[in-house]
Amino acid sequence: MEDNLVLSVQDVSIIYQVARGNVKATNNVSFDLYKGEALALIGESGSGKTTVSLSFIKMLPSAAKVTTGKALYTREGKTVNIFELNEERMRAFRWQDCAMVFQGAQNAFNPVLKIKEQFFDTAKAHGWRKRKEVYDRALELLKLVRLDPERVLESYPHELSGGMKQRTLLALGVLLDPQVVILDEPTTALDILTQRAIIDVLKEMQGRLGFSIIFISHDLALAAEMASQVATMYAGEMVELGTVDEIFYESLHPYTLGLLQSVPRLERGQDELTSIKGNPPDLIDPPSGCKFHPRCDFAEAKCAEKKPEFATYEKEHKVACWFPEKVIEARQGLWEKAS
Amino acid sequence: MQALPAKSQTQPFSFLEKIWRNYTLRTVIQSIFTVWAVITFIFFLVRLMPGNPIEIYVNYLINSENLTYEQAYNRAASQFQFDPSASWLEQYFGYIGQLLRGNLGESITSTGTKVIDQIMRFLPWTVFCVGLALLLSFVLGMLFGMIAAYYRNSWIDNLISIIAAILGAVPDYIWGLMIIIICGVQLKWFNVGDLRGTFDPSLQPGFTFAFIFSVIQHALLPILTYVMGTVGFWILAMRGSTTSTLGEDYVNIARARGLSQGRIITAYVGRNASLPLFTLLAINIGFVIGGSIIVEELFVYKGLGSFLFWSITQRDYTTMQGILLMITIAVVFSNMLADLLYSRLDPRVRISGDS
Amino acid sequence: MEEPILEFKKISRSFKKGRTVIPVLQDIDLQVQPLEYLCLVGESGCGKTTSGKILTGLLRPSSGQLFFEGRDVSTLKGADYTHYRRSVQIIHQDPYASLNPTHTIYNSMSFPLFRHKLVKTREQARARVAELLEVVGLTPVRDVIDKYPHQLSGGQRQRVSIARALTTQPKVIVADESVSMVDVSIRISILNMLMAMRETLGVTFVFITHDLALAKYFAWKGRIAVMYLGRIVEIGPTPEITLSPEHPYTKSLLSAIPEPDPDKTRTKEQIRLRSEDIPRLTELPAGCSFHPRCPWFVPGLCDKSVPSLEPFAASELRLACTPLSQGKGLNLFETRNLA
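Sequences listed follow chains U, X and H, in order. Under the working numbering, the letters of the first sequence match residues 51 to 389, in that order. Under the working numbering, the letters of the second sequence match residues 205 to 559, in that order. Under the working numbering, the letters of the third sequence match residues 42 to 380, in that order.
Take a look at the structure:
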């Protein structure tokens, strides 16, 4: 198993320096990403999921700073701490080792260059200068994402629809055969049938090329379908981490449970949904103890006093909560694994 | 079940509509109309100015040669090809008729000289001087505008922006005056008198080093003045355009793709940020023809601008009309050029214009 | 049946862009019954937002009539027209865009009160604004009323825009994607609040969304109209639409949506469309607009004439599908061709 470790994130904290003070955007986040795995970072806006992902390719805004932690990346037996790469090595690392596909592909391509030029650009930046080879590889990848490859390569971005651009971006994302692909809300703002096409294409590409995925989403259904591992993030902290089945059927954190109870499901009759009370916390002045305690139905005095450790509950299933038993009890009979 | 509604209905004037829908044709028709409207306007406007060429000359003769009004008038009338008693409408149709035959007419005050010849004598100097200044100003503006945008909110940006704002706020002739007064008169860096005209009159025009050097020497100060007067605008325009381009997703993603900084600056930021500026540049080319009357007068630079000024003082109607027609055509044409250029540079426009 | 509060009679709407005419809505017949839950569902370009704008009088139909309480809106004048405009309000998707950033919440909300002469003095206005903010759950009111939009969270802003829609005491509120920009954990509380407002204030809701699961939750006791490229393709009671839809487009949509349940979403039966390209509104295919993508396409039938919305068999559904309304059932196009 250790051999297949691609990215090991250890205790990463990131702050934003703003006029009112320091925003603790990400706090002590740790996780391991193995080859071929798909890890979903689930959380609401401001939960720090995008911030932590941006730090892996050193593209945080200038006001943000990584204060603690390591991100150890391994390729062919060699391990480096991403945060220690200098500018030139970072440039090489981007896209070739870790490609990040941002939210909203509408504007992802330079409007004045043909798609093929943007494939060539990417290859050339990483020392791959044989245009014919790049072209052939691009053809192959575009076919994989079910597009008409010649037409797309000869097009300008505005000639493609939103869904086509998103798929083209995915193809471009794997052009250099990266080990890690980060997808930030890959299907948000796309139509349902287009979303489905993207999901199918992604699954197929991952099966074929074997890269690992970190994907950032607020869409639980997408995580259920795409992910092998799921991490729930709240207020910049990872509060639960487990396999997709563990998170969806055996959740241990009240916030995860709250999210699951607030999403409607199509396959069954009338939904009994409940919303998580309150509002997301102020990250400059977060609540004491467990940051979720003011919104938590199970909170006790202890929760406000002391922050629970993010610790293993069983096997690889980790949680940061004082009373996971209460959650286990509360979810009885709500939903179960079908088998 | 219902059938699809019939869509095409024939309309009586559909052929006119078809002409109107042809983009090129429409642009040409619009341009011709614009030129006609402007020359008509100019024609009557110049005649509304107080005095006419004969009266101006009569006054000159009375003052300089001590002639009686009668004598002066007869001399003036015999020298000029101008009949002040002809009605404006008569003159107008005569003028339009000549124009349609491609004839700008002869100068009223310098009998026998064709207006077109006069224009061709002065025009190259202005085009050279203002054109070079525009190009220089544009390039400098793009460069400093981009630098300011890249280092926005740093001291470099503040410095560039403040200088650009000051340069942009003060009109060019003020800069010209300041150059003459401070550098020429106070500091005596150069002799103002030596730099009059477009080149040293003692030299024979030709491709000699001395001549070319003299041409550049004489054009230097007007060019500097023009650049100072316009560069601020270009810097601020480029800064704004670059700032918004830097915020675009594709620039961010280009970084994430590991592209080199150089490639991002040129092909991703520069190319997109400069798109709107090229349109502005093309529009400005029109104004190159006219030059600036005040700046040319200031430096006694014999270009079309100072020639226009002279023809106005002489009320030389045909010459004024000729020059202003040139300027009008240049502006209208450069606007068309701007449209065309934009559609060449931006593929998004190219496609929607075609379909 | 009661008299509908709002009714579309053969409404079409097209936009002109240069020389092309874009038919955004075509021949819509739709009744909104008092106090019913009605959802308009569809992908981008289906005309749902245009329908909402026509309902609220923000757009006029190109042809056809809109009836409000039995009267043709285009014939209403003076006080009658004002009454209609006040009675039908809209809540937009993005509360950031719909609230003036330079006005406090009180300013934004008191303006329509004064304008419609619903209050006379500042004291009355303040009291009314406070009352409305309480209705939408923004308590304590004093924490909110003098704030600017940027000082509130996304959920709070959306509540403000709902409260503002209530200032004119409307009978109908059109909610256009009103929760799609709100965090998952808060969405349900806003939907629940809207549903409670129907009971307490007697407001009828027309809910416009691309999210079928949300539509299902909101309108479980009401109806869903599924729209595709400017037409309603299927309409009926929510349970039937979401659990046993008949129209090929609705079936495809439902099969494409991932479920927040790993087992169910992975085993969900997928309907593969014949084409992923959405036709442009300016180049609509002949006959049924869905036929180039429909897996159950019948050549010579579906591509000949536009199907009209007709009652289907014994169900309460009405749908626009030629093979179904001719009682031919659905047969997969590919398989039949092979046979």
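All residues carry an ideal CB built from backbone N, CA and C; glycine is no exception. All of these numbers come straight from a predicted model, not from anything done at the bench.
Residues of chain U with a CB under 9 Å from the CB of G196(H): which are they?
-> Locating residue 196(H) in the third sequence gives position 155, counting from the first residue. Chain order gives the chain U residues near G196(H) as N329, P330, where near means a beta carbon separation below 9 Å.
For A285(U), which three-state DSSP category applies?
-> Counted from its first residue, the first sequence places residue 285(U) at position 235. Coil at A285(U), not helix or strand.
Can you tell which of L55(U), V369(U), E190(U) has the C-alpha that lies nearest to the C-alpha of R258(U)?
-> As a first step, residue 258(U) is located in the first sequence; it is residue number 208 there, counting from the start. Comparing Cα-Cα distances from R258(U) to each of L55(U), V369(U), E190(U), the minimum goes to E190(U).
Is there contact here, the stretch 81-90 of chain U with the stretch 267-287 of chain U, by at least three beta-carbon pairs under 8 Å?
-> Between the stretch 81-90 of chain U and the stretch 267-287 of chain U, the count of Cβ pairs shorter than 8 Å is three or higher; the stretches touch.
Using a Cβ cut-off of 8 Å, which residues of the stretch 291-302 of chain U contact any Cβ in chain H, in chain order?
-> Against chain H - using a Cβ distance shorter than 8 Å - the residues of the stretch 291-302 of chain U are V294, D295, F298, Y299.
Cβ atoms of G490(X) and V435(X): under 7 Å apart, would you say?
-> Stepping through the second sequence from its first residue, residue 435(X) is reached at position 231. Stepping through the second sequence from its first residue, residue 490(X) is reached at position 286. V435(X) is not a Cβ neighbour of G490(X), given a cutoff of 7 Å.
Mapping DSSP to helix, strand and coil, what is C80(H)?
-> Along the third sequence, one-based indexing puts residue 80(H) at 39. For C80(H), the secondary structure class from DSSP, reduced to helix, strand or coil, is strand.
Below 8 Å, can you find three or more Cβ-Cβ pairs linking the stretch 260-267 of chain X to the stretch 525-534 of chain X?
-> No, they do not touch.
Are three or more beta carbon pairs between the stretch 216-236 of chain H and the stretch 42-60 of chain H nearer than 8 Å?
-> The answer is no - the stretch 42-60 of chain H does not touch the stretch 216-236 of chain H, with fewer than three Cβ pairs under 8 Å.
With a threshold of 6 Å, establish whether the CB of P211(H) neighbours any heavy atom of the ligand PLP.
-> Summarising the ligand content, the structure contains no ligands, and the ligand PLP is consequently not present.
Does the stretch 172-192 of chain H come close enough to the stretch 133-148 of chain H that 3 or more CB-CB pairs lie under 8 Å?
-> Contact holds between the stretch 133-148 of chain H and the stretch 172-192 of chain H, because three or more Cβ pairs, one in each stretch, are under 8 Å apart.
Going along the chain, which residues of its own chain have a beta-carbon closer than 7 Å to the beta-carbon of K215(U), five neighbours each way excluded?
-> Here the question's residue 215(U) lines up with position 165 in the first sequence. If the five residues before and after K215(U) are omitted, its C-beta is found closer than 7 Å to the C-beta atoms of A155, Q156, A158, F159, P207, all from its own chain and listed in chain order.
Taking only beta-carbon atoms, is S85(H) less than 7 Å away from chain U?
-> Counted from its first residue, the third sequence places residue 85(H) at position 44. At least one chain U Cβ lies under 7 Å of S85(H).
Is S63(U) close to chain H, meaning its C-beta is less than 7 Å from at least one C-beta of that chain?
-> On the first sequence, position 13 is the one that residue 63(U) refers to. Cβ-Cβ to chain H under 7 Å: no for S63(U).
Separation of C362(H) from G93(H), as counted between CA atoms | On the third sequence, position 52 is the one that residue 93(H) refers to. On the third sequence, position 321 is the one that residue 362(H) refers to. Straight across, the Cα-Cα distance linking G93(H) with C362(H) is about 24 Å.
Taking Cβ-Cβ distances below 8 Å as the criterion, which residues of the stretch 106-124 of chain U are in contact with chain X?
-> So the close ones are I107, M109.
Are the C-beta of W337(H) and some C-beta of chain U separated by less than 7 Å?
-> Sequence index remark: in the third sequence, residue 337(H) carries index 296 (1-based). Taking Cβ atoms only, chain U never reaches closer than 7 Å to W337(H), which makes this a no.
Over the uninterrupted alpha helix (DSSP H) stretch that includes L309(U), give me the two end residues.
-> Here residue 309(U) is taken as the residue at index 259 of the first sequence, counted from 1. If you look at L309(U), you'll find it in the alpha helix (DSSP H) that goes 304-311.
Hey, out of R548(X), P551(X), S496(X), whose CA is closest to V331(X)'s CA?
-> Numbered from its first residue, the second sequence carries residue 331(X) at position 127. When R548(X), P551(X), S496(X) are compared, the shortest CA-CA separation from V331(X) is found for S496(X).
Indicate whether the contact test is met: 3 or more Cβ pairs, each with one atom in the stretch 321-333 of chain H and one in the stretch 330-345 of chain U, closer than 8 Å.
-> No: fewer than three Cβ pairs fall under 8 Å.
Please go through the stretch 74-158 of chain H and give each complete alpha helix (DSSP H) segment of 4 or more residues, from N-terminal end onward.
-> Runs of the alpha helix (DSSP H) inside the stretch 74-158 of chain H: 89-96, 119-128, 136-139, 146-156.
Contacts around L154(H), its chain only, beta-carbon distance under 7 Å, and the 5 residues preceding and following it disregarded = Locating residue 154(H) in the third sequence gives position 113, counting from the first residue. For L154(H), the CB contacts under 7 Å within the same chain, skipping 5 residues up- and downstream, are V160, A166, R169, T208 in chain order.
Go to N77(U), then tell me how far its beta strand (DSSP E) extends in each direction, as first and last residue.
-> Here residue 77(U) refers to the residue found at position 27 when the first sequence is read from its first residue. First-last of the beta strand (DSSP E) with N77(U): 71-84.
Is C461(X) helix, strand or coil when you go by DSSP?
-> Here residue 461(X) refers to the residue found at position 257 of the second sequence. It should be pointed out that residue 461(X) corresponds to Arg in this sequence rather than to Cys. Coil.
What is the DSSP secondary structure of N378(H), counted as helix, strand or coil?
-> Reading the third sequence from its first residue, position 337 is the one you call residue 378(H). Because the pLDDT of N378(H) is 48, which lies under 50, any placement of that residue in the model is unreliable, and the number read from its coordinates should be weighed accordingly. Judged by DSSP in its simplified three-state form, N378(H) adopts helix.
When DSSP builds the beta bridges, which residues end up paired with T245(H)?
-> Counting from 1 along the third sequence, the entry for residue 245(H) is found at position 204. T245(H) is bridged to V213(H).
Quick one, which residues of the stretch 149-172 of chain U are near chain X if we go by CB-CB under 9 Å, in chain order?
-> Listed by position along the chain: A149, M150, V151, F152, Q153, G154, A155, Q156, N157, A158, F159, N160, P161, V162, L163, K164, E167, Q168, D171, T172.
Leaving out five residues before and five after P551(X) in sequence, what residues of the same chain have Cβ atoms less than 6 Å from its Cβ?
-> Within the second sequence, numbered from 1, the residue matching residue 551(X) stands at position 347. Cβ within range, chain order: n/a, list empty.
So is I69(H) buried or exposed if we call it buried at 16+ other beta carbons inside 10 Å?
-> The residue labelled residue 69(H) in the question sits at position 28 within the third sequence. I69(H) is buried by the Cβ-count criterion.
Which chain H residues are close to P336(U), counting only those with a beta carbon under 9 Å from its beta carbon?
-> Within the first sequence, residue 336(U) is the residue found at index 286, counting from 1. Here the premise fails: no neighbours, minimum Cβ distance about 15 Å.
In angstroms, rounded to a whole number, what distance separates the CA positions of G263(H) and Q210(H)?
-> Position 222 of the third sequence, counted from the start, is the residue given in the question as residue 263(H). Position 169 of the third sequence, counted from the start, is the residue given in the question as residue 210(H). Taking the straight line joining both Cα atoms gives about 22 Å.
C-alpha distance - T272(X) paired with S311(X), whole-angstrom precision = Taking the first residue of the second sequence as 1, we reach residue 272(X) at position 68. Taking the first residue of the second sequence as 1, we reach residue 311(X) at position 107. One C-alpha to the other measures close to 25 Å.
Helix or strand or just coil, what does DSSP make of C148(U)?
-> As a working note, residue 148(U) is residue 98 in the first sequence. C148(U): strand per DSSP, three-state reduction.
Which same chain residues, not among the five before or five after L173(H), have their C-beta less than 6 Å away from its C-beta?
-> Locating residue 173(H) in the third sequence gives position 132, where the first residue counts as 1. Same-chain partners within the cutoff: A204, L207.
Looking at D376(X) and G433(X), is the spacing between their C-beta atoms short of 7 Å?
-> For the purposes of this step, residue 433(X) is identified with residue 229 of the second sequence, where counting begins at 1. For the purposes of this step, residue 376(X) is identified with residue 172 of the second sequence, where counting begins at 1. Cβ distance < 7 Å, so G433(X) and D376(X) count as in contact.
Length at least 3, wholly inside the stretch 225-269 of chain U: the beta strand (DSSP E) runs in chain order | Counting whole runs of 3 or more residues, the stretch 225-269 of chain U contains the beta strand (DSSP E) stretches 230-234, 262-267.
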